[in-house]
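Novice: Chains as they are written, first to last, in the working numbering: chain S, 4 to 492; chain L, 1297 to 1682. Just so you know, even glycine gets a beta-carbon here, dropped at the ideal spot from N, CA and C. Treat the numbers as computed from the prediction; the structure is a model and nothing was measured.
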């Protein structure tokens, strides 16, 4: 999950907001006898006027805080001390690990993921690969079983045919079946690289580490403009945002895929919660509150498939938003009250939790600016100073997130793709609208009887490398029956 | 007219910044997925093995150059036979050719010549003292003479590194590496890495192994209730968690991990059946035995004769005391930090990776570096003695 795009989105929206707010602020109507040299006038009275100004001030403070955060992160990545404390662990007594591949109707991609896992350099006798086939209604099961037959003894599939829907519920059931101390989770469209498992496992030699997160890299970059924009966004989100949080001792986020979890840590904080939409964010904060560290490993990179059309992208981000906001409600109080965490950890953790709420807050800011424009006139400073402030805000504050993207592209040594930065505004506006929509749904629509949360699976674009017919043929051999764990909870 | 010009200029201001974006969109020039490093960093002998494969391919194909260097094929039939160096090379004191030396006897590289391309010998290979080598491959034992410099890598079945060598790259071996004192290194990797026990001076003698004498007190098991106030023992995960500095008295034994958000110090001859983590400095008293890993945000100091079965990892520095053992035969481990100092008599099974500076010290240096474990200002002491 990448809240990065959201913070970028509301930054852009606030720019436009400022365009509306400035004329209101600069409308000079001097009123005699005002306090502190400020003059306000409104047909609805002073209380109305000051309330609007106060709320607008709050929005602007939030903007400033998030902007500063982005600048600090970018500057840290460019000039600060970089922390890759586990990247040099190359020889070790590698522990046993179970690798979950979460799959729900993944007939087009599951085979590539499993075959890539067959090629990793982790000791085969210490790695249990378990595709978690969650109630698939397509040919996912056939394909998994065909791969199992080709690699006897290497893969233990878990075909889940009933039970509560959702990834967290499926992982919860799968976790009950394993006997290793660690798990690594992949989504089915991910293509693990050869050294990835060792990189993800290395941080677990630190007994304080409860979860590890790797870096997600889009594979279908060249599909269209959207995938190229998402590639930029992912770069900024991982290469700068996550790594800077790692450098600064803040709160890197476990992202639900390309990540590992220590089972004892998971159990000590209550196991998987299957009533959440973002089990990854939920787990990040439960681990944090439980005294466990989540580590981001920038060199544990894995390819994924990003959405190729805007509708899919909007649904994906709405799902993330709802899950993230759910975690905000559940954990922000405990986080802020926790004396065991440093102040900076609490503040950054809260800002990370609140990132998806900024879009609706900004829409509220738009409304405020309209109301101020039409109903309040004020004189704060000379209009020229306001103009300068607006220019400074537009040039610096608004582009903080884009600065992160530029930093990431520079660090990745990608030379030309940075030219597309100008188009990222478009993607961020779409994200802002989708998130605001999701918050409204969450507050109103989802509360209606019979509604609740709905798991919206992301569409896959890659087509199966091997025709399903071939997979079926492979299954017709004598080795077709894998050791499959079926569960009917 | 003026209005049209104004509109044109305004539109230009808006559109011009978009032109590079439009161009990149319509005519993609940087659209491939970001390349992912597959294995190099996790495979210390990677450079040497890749060179060997390329050289084999070049020799079989009759190539005259590899990687921009000319290949000098030499078949030596007698021990100590000289290399056919050119007069210009002898005059310049350097050769830029890649040497591919076949033969069953050991090869002794000549004095007075620096090798600025790779040297490959099918049998044993001895470098000359004080000289510079880009990379060295040996099918047998590679001996790096004292005070020589290797820029990129050295690899052999066994590698012996002489006193005062400067190893700027990777040194890897199929079996063992032996490292003398006063060596600067970056990455050492082998199933067994030994650090020479004796130097040239009497002060370099390694102190006797730090093991409990028969008359010394026996180990005392730390029960979960023995941890002082402020240290939280979680029986579910078998982990002691301390938010402030912690000292554990000598000769204590426990089962489980210890995580400390400040400095952590263990007295001598402790036994931990688990891992240690300190966000500050971490000191392990002499003769202690740690079955897990040791991780610290600050520096790690392993006292003389410590045994650590797992990896040792610090974000600042590691000092490995005389006679320490990290890893075990068949159970490899990694010792990694920006700065690493290793005393004589230590043995590491696996990898030592110094991200900035690595050096082997003398026994005298190691003794003078050892801090008193009681100097670490703990707020909690386990064992009853403050």
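Rounded to whole angstroms, what is the Cα-Cα separation between residue 1629 of chain L and residue 207 of chain S?
Specialist: Counting from 1 along the second chain, the entry for residue 1629 of chain L is found at position 333. Counting from 1 along the first chain, the entry for residue 207 of chain S is found at position 204. If you take the alpha carbons of residue 1629 of chain L and residue 207 of chain S, they lie about 14 angstroms apart.
Novice: State yes or no: is the beta carbon of residue 1307 of chain L nearer than 8 angstroms to at least one beta carbon in chain S?
Specialist: By 1-based counting over the second chain, the position of residue 1307 of chain L is 11. Chain S, which has no Cβ nearer than 8 angstroms to the Cβ of residue 1307 of chain L, makes this no.
Novice: Pull the bridge partners of residue 263 of chain S from the DSSP assignment, please.
Specialist: As a position in the first chain, residue 263 of chain S is number 260, starting the count at 1. Partner(s): S:187, S:215.
Novice: Can you confirm whether residue 294 of chain S, when its beta carbon is compared against all beta carbons of chain C, has any partner nearer than 8 angstroms?
Specialist: No chain C appears in this structure, whose protein chains are S and L.
Novice: Along the chain, which unbroken stretches of the beta strand (DSSP E) at least 3 residues long are found entirely within the segment 1358 to 1400 of chain L?
Specialist: Qualifying beta strand (DSSP E) stretches, in chain order: 1365 to 1371, 1394 to 1398.
Novice: Which residue wins for smallest C-alpha separation from residue 175 of chain S, given the options S:321, S:299, S:103?
Specialist: The sequence position of residue 175 of chain S within the first chain is 172, counting from 1. If we check each option's Cα against that of residue 175 of chain S, S:103 comes out closest.
Novice: Using a beta-carbon distance below 8 angstroms, is residue 1532 of chain L in contact with chain S?
Specialist: To locate residue 1532 of chain L, count along the second chain from 1; it is residue 236. Chain S, which has a Cβ nearer than 8 angstroms to the Cβ of residue 1532 of chain L, makes this yes.
Novice: Return the residue from the list L:1330, L:1402, L:1386 that minimises the CA-CA distance to residue 1756 of chain L.
Specialist: There is simply no residue 1756 of chain L to check, as chain L begins at 1297 and stops at 1682 in what is shown.
Novice: Might you give, ordered along the chain, the residues of its own chain that have their beta carbon closer than 6 angstroms to the beta carbon of residue 430 of chain S, omitting 5 neighbours on each side?
Specialist: In the first chain, the residue the question calls residue 430 of chain S occupies position 427. Only 232 meet the Cβ criterion.
Novice: For residue 1327 of chain L, decide whether its Cβ has a neighbour in chain S, counting only Cβ atoms nearer than 8 angstroms.
Specialist: Position 31 of the second chain, counting from 1, holds the residue named residue 1327 of chain L. Yes, contact with chain S.
Novice: Can you tell me whether DSSP reads residue 242 of chain S as helix, strand or coil?
Specialist: Position 239 of the first chain holds residue 242 of chain S. Here residue 242 of chain S sits in helix by DSSP.
Novice: Can you tell which of S:332, S:428, S:420 has its C-alpha closest to the C-alpha of residue 1322 of chain L?
Specialist: Taking the second chain and counting its residues from 1, one reaches residue 1322 of chain L at position 26. Comparing Cα positions, the closest option is S:420.
Novice: If you follow the alpha helix (DSSP H) that residue 369 of chain S is in, where does it begin and where does it stop?
Specialist: Within the first chain, residue 369 of chain S is the residue found at index 366, counting from 1. Looking at the DSSP string, the run of the alpha helix (DSSP H) that includes residue 369 of chain S is 361 to 378.
Novice: Could you compute how far the alpha carbon of residue 107 of chain S sits from the alpha carbon of residue 190 of chain S?
Specialist: Position 104 of the first chain holds residue 107 of chain S. Position 187 of the first chain holds residue 190 of chain S. Residue 107 of chain S and residue 190 of chain S: Cα-Cα distance of roughly 9 angstroms.
Novice: Starting from residue 415 of chain S, find everything on chain L with Cβ-Cβ shorter than 7 angstroms and list it in chain order.
Specialist: Numbered from its first residue, the first chain carries residue 415 of chain S at position 412. Neighbours of residue 415 of chain S on chain L, chain order: 1330.
Novice: Measure the Cβ-Cβ separation of residue 1475 of chain L and residue 1653 of chain L and say whether it is below 8 angstroms.
Specialist: As a first step, residue 1475 of chain L must be located in the second chain, where it is residue number 179. As a first step, residue 1653 of chain L must be located in the second chain, where it is residue number 357. In this structure, residue 1653 of chain L does not lie closer than 8 angstroms to residue 1475 of chain L by Cβ.
Novice: Starting from residue 1531 of chain L, trace the beta strand (DSSP E) both ways and give me its first and last residue.
Specialist: Residue 1531 of chain L sits at position 235 when you count from the first residue of the second chain. Careful: residue 1531 of chain L lies outside any beta strand (DSSP E) and carries neither H nor E.
Novice: DSSP three-state call for residue 195 of chain S: helix, strand or coil?
Specialist: Position 192 of the first chain, counted from the first residue, corresponds to residue 195 of chain S. Residue state, collapsed to three classes: strand.
Novice: Pick helix, strand or coil for residue 1515 of chain L, following the three-state DSSP scheme.
Specialist: Sequence index remark: in the second chain, residue 1515 of chain L carries index 219 (1-based). DSSP places residue 1515 of chain L in coil when its eight states are reduced to three.
Novice: Opposite residue 136 of chain S in the DSSP bridges: which residues?
Specialist: Residue numbering aside, residue 136 of chain S sits at position 133 when the first chain is read from its first letter. Looking at the DSSP assignment, residue 136 of chain S forms a beta bridge with S:106, S:162.
Novice: Output yes or no for whether 8 angstroms exceeds the beta carbon distance between residue 1398 of chain L and residue 1371 of chain L.
Specialist: Along the second chain, read from residue 1 onward, the residue named residue 1398 of chain L stands at position 102. Along the second chain, read from residue 1 onward, the residue named residue 1371 of chain L stands at position 75. Going by C-beta atoms, residue 1398 of chain L is nearer than 8 angstroms to residue 1371 of chain L.
Novice: Please confirm if residue 419 of chain S has its CB atom under 8 angstroms from at least one CB of chain L.
Specialist: Within the first chain, numbered from 1, the residue matching residue 419 of chain S stands at position 416. Chain L, which has a Cβ nearer than 8 angstroms to the Cβ of residue 419 of chain S, makes this yes.
Novice: Which of the three DSSP states, helix, strand or coil, is assigned to residue 470 of chain S?
Specialist: As a position in the first chain, residue 470 of chain S is number 467, starting the count at 1. Residue placement at residue 470 of chain S is poorly supported in this model, since its pLDDT is 46, which falls under 50; the coordinates are not used for a value here.
Novice: Report the CB separation of residue 257 of chain S from residue 283 of chain S in whole angstroms; it is logged as a contact under 8 angstroms.
Specialist: Position 254 of the first chain, counted from the start, is the residue given in the question as residue 257 of chain S. Position 280 of the first chain, counted from the start, is the residue given in the question as residue 283 of chain S. With a Cβ gap of about 5 angstroms, residue 257 of chain S and residue 283 of chain S count as contacting.
Novice: Taking residue 1573 of chain L as the reference, which of L:1599, L:1606, L:1470, L:1389 has the closest Cα?
Specialist: Start at 1 with the first residue of the second chain, and residue 1573 of chain L comes out as number 277. The candidate whose alpha carbon is nearest that of residue 1573 of chain L is L:1606.
Novice: Which word fits residue 1410 of chain L, buried or exposed, when buried means at least 16 other C-beta atoms lie within 10 angstroms of its C-beta?
Specialist: Taking the first residue of the second chain as 1, we reach residue 1410 of chain L at position 114. It counts as buried.
Novice: Determine contact between the segment 86 to 97 of chain S and the segment 206 to 224 of chain S, defined as no fewer than three beta-carbon pairs at a distance below 8 angstroms.
Specialist: Yes, they touch.
Novice: Alpha carbon to alpha carbon, what distance is there between residue 125 of chain S and residue 198 of chain S?
Specialist: For the purposes of this step, residue 198 of chain S is taken as residue 195 along the first chain, with counting starting at 1. For the purposes of this step, residue 125 of chain S is taken as residue 122 along the first chain, with counting starting at 1. So the alpha carbons of these two residues sit roughly 7 angstroms apart.
Novice: Is residue 1570 of chain L near residue 1587 of chain L, with beta carbons less than 8 angstroms apart?
Specialist: By one-based count along the second chain, residue 1570 of chain L stands at place 274. By one-based count along the second chain, residue 1587 of chain L stands at place 291. Yes, the Cβ-Cβ distance between residue 1570 of chain L and residue 1587 of chain L is below 8 angstroms.
Novice: Compute the distance between the beta-carbons of residue 62 of chain S and residue 371 of chain S, then report whether it is under 8 angstroms.
Specialist: Position 59 of the first chain holds residue 62 of chain S. Position 368 of the first chain holds residue 371 of chain S. Going by C-beta atoms, residue 62 of chain S is nearer than 8 angstroms to residue 371 of chain S.
Novice: Tell me whether residue 347 of chain S is buried or exposed, calling it buried when 16 or more other Cβ atoms sit within 10 Å of its Cβ.
Specialist: Here residue 347 of chain S corresponds to residue number 344 of the first chain, with the count starting at 1. The residue is exposed, with fewer than 16 neighbouring Cβ atoms inside 10 Å.
Novice: Taking residue 1555 of chain L and residue 255 of chain S to be in contact with their CB atoms under 8 angstroms, please state how far apart those CB atoms are, rounded to whole angstroms.
Specialist: Here residue 1555 of chain L corresponds to residue number 259 of the second chain, with the count starting at 1. Here residue 255 of chain S corresponds to residue number 252 of the first chain, with the count starting at 1. That belief does not hold up - the Cβ atoms of residue 1555 of chain L and residue 255 of chain S are roughly 18 angstroms apart, past 8 angstroms.
Novice: Using a C-beta to C-beta distance shorter than 7 angstroms, which residues of chain S count as neighbours of residue 1335 of chain L?
Specialist: Numbered from 1 along the second chain, position 39 holds the residue referred to as residue 1335 of chain L. Near residue 1335 of chain L (Cβ distances below 7 angstroms), the residues of chain S are 124, 197, 198.
Novice: At 9 angstroms on the CB atoms, spell out the chain S contacts of residue 1578 of chain L, in chain order.
Specialist: Along the second chain, read from residue 1 onward, the residue named residue 1578 of chain L stands at position 282. Result: empty, since nearest Cβ-Cβ is about 12 angstroms, beyond 9 angstroms.
Novice: Among L:1564, L:1544, L:1383, L:1532, which has the Cα closest to the Cα of residue 1261 of chain L?
Specialist: Nothing about residue 1261 of chain L can be reported from this structure: the residues present for chain L run from 1297 to 1682 only.
Novice: Under a Cβ-count criterion, where at least 16 other Cβ atoms within 10 Å of its own Cβ denotes burial, should residue 84 of chain S be classed as buried or exposed?
Specialist: Residue numbering aside, residue 84 of chain S sits at position 81 when the first chain is read from its first letter. By the neighbour-count rule (16 or more Cβ atoms within 10 Å), residue 84 of chain S is not buried but exposed.
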